[in-house]
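Chains as they are written, first to last, in this note's numbering: chain A, 186 to 295; chain B, 11 to 124.
Here a beta-carbon is modelled for each residue, glycine too, at the ideal position from N, C-alpha and C.
From a predicted model like this one, the values you see are computed outputs, not experimental measurements.
Before any comments, here is the structure.
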Amino acid sequence: GDSVTQMEGPVTLSEEAFLTINCTYTATGYPSLFWYVQYPGEGLQLLLKATKADDKGSNKGFEATYRKETTSFHLEKGSVQVSDSAVYFCALRRGNQFYFGTGTSLTVIP
Amino acid sequence: EAGVAQSPRYKIIEKRQSVAFWCNPISGHATLYWYQQILGQGPKLLIQFQNNGVVDDSQLPKDRFSAERLKGVDSTLKIQPAKLEDSAVYLCASSLEGPGGTQYFGPGTRLLVL
Numbered sequence: 186g187d188s189v190t191q192m193e194g195p196v197t198l199s200e201e202a203f204l205t206i207n208c209t210y211t212a213t214g215y216p217s218l219f220w221y222v223q224y225p226g227e228g229l230q231l232l233l234k235a236t237k238a239d240d241k242g243s244n245k246g247f248e249a250t251y252r253k254e255t256t257s258f259h260l261e262k263g264s265v266q267v268s269d270s271a272v273y274f275c276a277l278r279r280g281n282q283f284y285f286g287t288g289t290s291l292t293v294i295p
Numbered sequence: 011e012a013g014v015a016q017s018p019r020y021k022i023i024e025k026r027q028s029v030a031f032w033c034n035p036i037s038g039h040a041t042l043y044w045y046q047q048i049l050g051q052g053p054k055l056l057i058q059f060q061n062n063g064v065v066d067d068s069q070l071p072k073d074r075f076s077a078e079r080l081k082g083v084d085s086t087l088k089i090q091p092a093k094l095e096d097s098a099v100y101l102c103a104s105s106l107e108g109p110g111g112t113q114y115f116g117p118g119t120r121l122l123v124l
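Given below as structure tokens:
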């Protein structure tokens, strides 16, 4: 069945470091792909999305490219800030079904 | 604009008891979702409503879980009877459009079954 696998955390980075959180998926057809973020004490919120192959989603300095050949949607940011500390979830949608990864906790230290 | 509201925020019950969660979506949002998030796992979609009709409930354990959205606005999710493995955060989300629309999540209800 459909599923999402993302790198396990926790991840700890120094401020201004480069971030990559890996996400790969298994799905038939052409799913839409998402990254959600959950800041401490808050609900999940959409960070970015891509709906077809080679699309690049971007928001708040974060980027992810829908790579169908490698079934991946890795999240990247060139220079992280302390305020980026959160849990990041990769997800896919196919039809009416949504599948989330297990989440990757990121802590950015000054 | 007010966000998705959920209550209660926390609930502790004993196994075999029943419990209900309430969700009020963002005004005007046609689609409402209930998710279960067990500690250390990602959210799992339980049921999805479009207005007051069920779009998908294939992942809902129907022997003990039920949900309704009678007037196409608020929704309740019920567990009866609860089991230890139902301990989780129950998330409600809503979207303006159908499944392709951006989902807005509430803060969740944290359930502990003892």
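Residue nearest to residue i in terms of C-alpha spacing, selected from the options
{"i": "B/GLY52", "options": "A/SER268, A/LYS253 and A/TYR221", "result": "A/TYR221"}
{"i": "A/LEU277", "options": "A/VAL196, A/ALA202, A/ALA212 and A/LEU204", "result": "A/ALA212"}
{"i": "B/VAL74", "options": "B/ALA92, B/ASN62, B/GLY82 and B/LYS81", "result": "The residue asked about is misnamed: residue 74 of chain B is Arg in this sequence, not Val. That would be B/ALA92, whose Cα lies nearest to the Cα of B/ARG74."}
{"i": "B/ASP66", "options": "B/TRP44, B/CYS33 and B/ILE89", "result": "B/TRP44"}
{"i": "A/ASN207", "options": "A/GLN191, A/PHE219 and A/GLU200", "result": "A/GLN191"}
{"i": "B/LYS81", "options": "B/GLN69, B/GLU95, B/VAL64 and B/LEU70", "result": "B/VAL64"}
{"i": "B/ALA86", "options": "B/SER68, B/ASN61, B/GLN16 and B/TRP32", "result": "In the sequence under discussion, the amino acid at residue 86 of chain B is Thr, which differs from the Ala named in the question. Checking every option, the nearest Cα to that of B/THR86 belongs to B/TRP32."}
{"i": "A/SER268", "options": "A/PHE285, A/THR236, A/SER199 and A/HIS259", "result": "A/SER199"}
{"i": "A/TYR215", "options": "A/ASP187, A/HIS259 and A/GLY246", "result": "A/ASP187"}
{"i": "B/LYS88", "options": "B/ALA12, B/GLN47 and B/LYS72", "result": "B/LYS72"}
{"i": "B/GLY110", "options": "A/ALA202, A/GLN223 and A/LEU231", "result": "A/LEU231"}
{"i": "B/ASP84", "options": "B/ALA12, B/SER17 and B/PRO35", "result": "B/PRO35"}
{"i": "B/ALA98", "options": "B/GLN46, B/SER76, B/ASN62 and B/ALA12", "result": "B/GLN46"}
{"i": "A/GLN223", "options": "B/LEU121, B/LEU101 and B/ARG19", "result": "B/LEU101"}
{"i": "A/ALA271", "options": "A/THR292, A/VAL189, A/ALA202 and A/GLU201", "result": "A/THR292"}
{"i": "A/TYR273", "options": "A/ILE294, A/PHE219, A/GLU201 and A/ARG279", "result": "A/PHE219"}
{"i": "A/THR287", "options": "B/SER76, B/ARG120, B/ILE48 and B/SER68", "result": "B/ILE48"}
Rounded Cβ spacing between residue i and residue j (contact assumed at less than 8 Å)
{"i": "B/GLN58", "j": "A/ASN281", "result": "6 Å"}
{"i": "B/LYS21", "j": "B/VAL29", "result": "6 Å"}
{"i": "B/GLY50", "j": "A/GLY228", "result": "That belief does not hold up - the Cβ atoms of B/GLY50 and A/GLY228 are roughly 18 Å apart, past 8 Å."}
{"i": "A/SER217", "j": "A/LYS234", "result": "6 Å"}
{"i": "A/TYR210", "j": "A/THR250", "result": "Contact flag wrong, Cβ pair sits at about 13 Å."}
For residue i, the first and last residue of its enclosing beta strand (DSSP E)
{"i": "B/ALA40", "result": "Careful: B/ALA40 lies outside any beta strand (DSSP E) and carries neither H nor E."}
{"i": "A/ARG306", "result": "Because residue 306 of chain A is not part of the residues shown, which for chain A are 186 to 295, the question remains open."}
{"i": "A/GLN297", "result": "Lying before the first or after the last residue shown, residue 297 of chain A is absent from chain A, which here runs from 186 to 295."}
{"i": "A/SER290", "result": "289-294"}
{"i": "B/LYS88", "result": "85-89"}
{"i": "A/GLY242", "result": "241-244"}
{"i": "A/TYR198", "result": "A small fix is needed here, since residue 198 of chain A is Leu in this sequence, not Tyr. Start and end: 196-199."}
{"i": "B/ASP96", "result": "Counting along the chain, B/ASP96 falls outside any beta strand (DSSP E), and DSSP gives it neither H nor E."}
{"i": "B/ALA92", "result": "First-last for B/ALA92: undefined, no H or E at that position."}
{"i": "A/SER217", "result": "217-223"}
{"i": "B/ILE22", "result": "20-23"}
{"i": "A/TYR251", "result": "Unbroken run through A/TYR251: none, as it is neither H nor E."}
{"i": "B/ARG120", "result": "119-123"}
Sequence-distant residues of the same chain with beta carbon closer than 6 Å to residue i, five excluded per side
{"i": "A/GLY194", "result": "THR289 and SER290"}
{"i": "B/GLU24", "result": "LEU124"}
{"i": "A/GLU261", "result": "THR205 and GLU248"}
{"i": "B/ARG26", "result": "PRO91"}
{"i": "B/ASN61", "result": "ALA40 and GLY82"}
{"i": "B/LEU70", "result": "LEU56 and ILE57"}
Cβ-based neighbour list, residue i, same chain, cut-off 7 Å, excluding 5 preceding and 5 following
{"i": "A/LYS253", "result": "ALA238"}
{"i": "A/SER243", "result": "LEU233"}
{"i": "A/THR236", "result": "SER217"}
{"i": "B/LEU10", "result": "As shown, chain B starts at 11 and ends at 124. That puts residue 10 of chain B outside it, with no answer to give."}
Contacts of residue i in chain D (Cβ-Cβ under 7 Å)
{"i": "A/PHE283", "result": "As a matter of chain content, chain D is missing from the structure shown, whose protein chains are A and B."}
Cβ shell of residue i (< 8 Å), same chain only, five flanking positions each side left out
{"i": "A/GLY246", "result": "LYS262, GLY263 and SER264"}
**OP:** Indicate whether the contact test is met: 3 or more Cβ pairs, each with one atom in the region 97-117 of chain B and one in the region 35-52 of chain B, closer than 8 Å.
**Re:** yes
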